[in-house]
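Note that the protein sequences, when read in sequence, are chains A and B.
If you want the numbering used here, it's the 1-based position in the first sequence plus 94.
If you want the numbering used here, it's the 1-based position in the second sequence plus 94.
C-beta: ideal position from N, C-alpha, C; glycine also.
There are 2 protein chains.
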Amino acid sequence: MTLHDTNYIPQLSIDCVVFGYSEGKLKVLVAKIKSMEATWTLPGGFVRQTEDLVQAAHRITLERTGITTPFLDQFGAFGAADRINVALLDKMTTQWLALGEEPMAEADFRAWFSKRFVSLGFYALVDIQQVNLQAGPFDESVDWYPVDQLPHLIMDHAAMVAGALATLREHLDRKLIAFELLPETFTMRSLQEVYEAVYDRPFARNNFQKKMLDLGVLERLDKVYSGAAHKAPFLYRFKE
Amino acid sequence: MTLHDTNYIPQLSIDCVVFGYSEGKLKVLVAKIKSMEATWTLPGGFVRQTEDLVQAAHRITLERTGITTPFLDQFGAFGAADRINVALLDKMTTQWLALGEEPMAEADFRAWFSKRFVSLGFYALVDIQQVNLQAGPFDESVDWYPVDQLPHLIMDHAAMVAGALATLREHLDRKLIAFELLPETFTMRSLQEVYEAVYDRPFARNNFQKKMLDLGVLERLDKVYSGAAHKAPFLYRFKE
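Right, here's the structure in full:
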């Protein structure tokens, strides 16, 4: 990764709130920052001069998840004049330089991180079972955390998660994207659990099923036989 | 206006879709570009290094409208790698330089406009009766156009208007912002006409009135006496 401004747009970053669903919880992908104690961040990166914004967001998500075609949408630009914690970034660049992995001259590297970045927020929805976690260049590790039990995130990244979640709640019905968090086939109960995890409230089972079926976007497949036949649930698939 | 990158964030712009309502139409503020034939643009500008994004959007809107506190919200970032029409911008900078008004060195001025700008879209809602139109530094003039009868806008500005209108339609009810397009007091009929202009479809009068009153956000004031007393409509005000 080189950061010369002939390669990347200066003072502009992208941060991705990658949502996954497992164990009844809506989860967010969070990276622990390399060489820093107790400092976590959303997966982020910069925009190449030759790249569309959405291509950059895809690349940043792909680097950490291995997912080539996640559902991806914007949820806002974050650009408060004081959003950058200068002291924190200075400490981070010093630590990274000590690792000896950055090919740039120290002065250029420090200069790159010394100014405010306006960050464009994208959220991604992935089938968590398809993800192969992979740390980014400045990540010590990357892991899933329940959205209501995140570690301490740097700068305004917690506000970004809140913004992404608010947008996801607005979009879930209108854009019919809950299916993006599930495997290709799923039971009605799994779908309801995704809604309950996203909105953090229970849904009435009969109403929920009727509403989903009335949308006309679900294809009913075979039953899942794992116990008594009369209790076996149907599998569904989202009609593209 | 100087454009040295010590003052402004490079490769980042803000374009504002300023909506107003008059004569039964939803209107958008559009500037004719100075020294160019038949070239129109949304009011835009750059972000000062010391400025929050939302402050920059306020400044850009204020410069053209005189309105200090419009309703303002983001509707998306536009950053396709090929979004800049290089030939058009080159022609524009040549024309502007010929005017002799730009204090920057020609090479710096050309360099500033030669790269892609990622543009952050903000939309504003104003009471059109309160607006004092004022051309920006590169505007020949600035005028209101019905949203469905816009002149030919440069680059992706027509897509920006479409994006802003889609966001306005999503927000109108949820954020209760229709009142921002009206004077402080208004009749139920005016409010309905704003909804009809934004959504471009008729609303049933009784249903509309019931829905608005049920929201519990309207304060009923005196009647407007202009003809027969029994036909005089009530005035309403939005409870802050």
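- Closer than 7 Å to the CB of residue 199 of chain B there is not a single CB belonging to chain A.
- Nearest neighbour of residue 113 of chain B by Cα position, chosen from B:218, B:315, B:316, turns out to be B:218.
- In this structure, residue 241 of chain B sits away from residue 266 of chain B, with a CB-CB distance that is not shorter than 7 Å.
- With fewer than 16 other Cβ atoms inside 10 Å of its own Cβ, residue 309 of chain A counts as exposed.
- The alpha-carbon separation between residue 254 of chain A and residue 184 of chain B amounts to approximately 37 Å.
- In this structure, residue 175 of chain A places its C-beta atom within 7 Å of the C-beta atom of residue 144 of chain B.
- Beta-carbon to beta-carbon, residue 227 of chain B and residue 159 of chain B are separated by about 7 Å, close enough to satisfy the 8 Å threshold.
- Secondary structure note for residue 124 of chain B: its beta strand (DSSP E) is the uninterrupted segment 119-127.
- Its chain contains 235, 236 as the residues whose beta carbon lies nearer than 6 Å to that of residue 229 of chain A, once the 5 sequence neighbours on both sides are disregarded; these appear in chain order.
- Within the stretch 131-147 of chain A, 141, 143, 144, 145, 146, 147 place their CB atoms closer than 8 Å to a CB of chain B, listed in sequence order.
- Considering only beta carbons, the part of the stretch 163-179 of chain B lying closer than 7 Å to chain A consists of 168, 170, 171, 173, 174, 175, in chain order.
- For residue 308 of chain A, there is no enclosing beta strand (DSSP E); the enclosing alpha helix (DSSP H) covers residues 299-308.
- Exclusion of the five residues before and after residue 248 of chain B leaves 127, 133, 134, 135, 179, 182 as the residues of its chain whose Cβ lies within less than 8 Å of its Cβ.
- Secondary structure within the stretch 156-225 of chain A: the alpha helix (DSSP H) runs of 4 or more consecutive residues, fully enclosed, are 180-193, 200-208 (chain order).
- Among the CB atoms of chain B, one or more fall inside 7 Å of the CB of residue 103 of chain A.
- Proximity of residue 214 of chain A to chain B, defined by a Cβ-Cβ separation below 7 Å, is satisfied.
- 105, 106: these are the residues of the stretch 105-130 of chain A whose beta carbon lies less than 8 Å from some beta carbon of chain B, given in chain order.
- About 7 Å separates the beta carbon of residue 139 of chain B from that of residue 150 of chain B, a gap short enough to meet the 8 Å contact definition.
- For residue 313 of chain B, the beta-bridge partners assigned by DSSP are B:331.
- Burial of residue 121 of chain A is indicated by the presence of at least 16 other C-beta atoms within 10 angstroms of its C-beta.
- Here the alpha carbons of residue 325 of chain A and residue 250 of chain A stand approximately 47 Å from one another.
- Considering only B:198, B:294, B:223, B:280, the residue with the shortest C-alpha distance to residue 312 of chain B is B:280.
- Spatial neighbours of residue 259 of chain A in its own chain (CB-CB distance under 7 Å, excluding positions within 5 residues in sequence) are listed in chain order as 241.
- Residue pairing of residue 113 of chain A in beta bridges, as defined by DSSP: A:122, A:219.
- With a cutoff of 7 Å on beta-carbon distance, residue 252 of chain B and residue 214 of chain A are scored as not near each other.
- Per DSSP, residue 138 of chain A is one residue of the beta strand (DSSP E) stretching across 138-142.
- Taken through DSSP and simplified to helix, strand or coil, residue 267 of chain B comes out as helix.
- In the displayed model, residue 102 of chain B falls within a strand according to three-state DSSP.
- Put simply, the backbone Cα of residue 147 of chain A is about 24 Å away from that of residue 224 of chain A.
- For residue 236 of chain A, the uninterrupted beta strand (DSSP E) run begins and ends at 233-240, by DSSP.
- Sequence-distant Cβ neighbours of residue 129 of chain A in its own chain, meaning closer than 6 Å and more than five residues away, are 189.
- When DSSP states are grouped into helix, strand and coil, residue 154 of chain B belongs to the helix group.
- Here residue 133 of chain A is not bridged, per DSSP, to any residue.
- For residue 115 of chain B, the number of other beta carbons within 10 angstroms of its own is at least 16, and it is reported as buried.
- The residue among B:117, B:275, B:173, B:152 with its C-alpha nearest the C-alpha of residue 163 of chain B is B:152.
- Collapsing the DSSP output to three states places residue 320 of chain A in coil.
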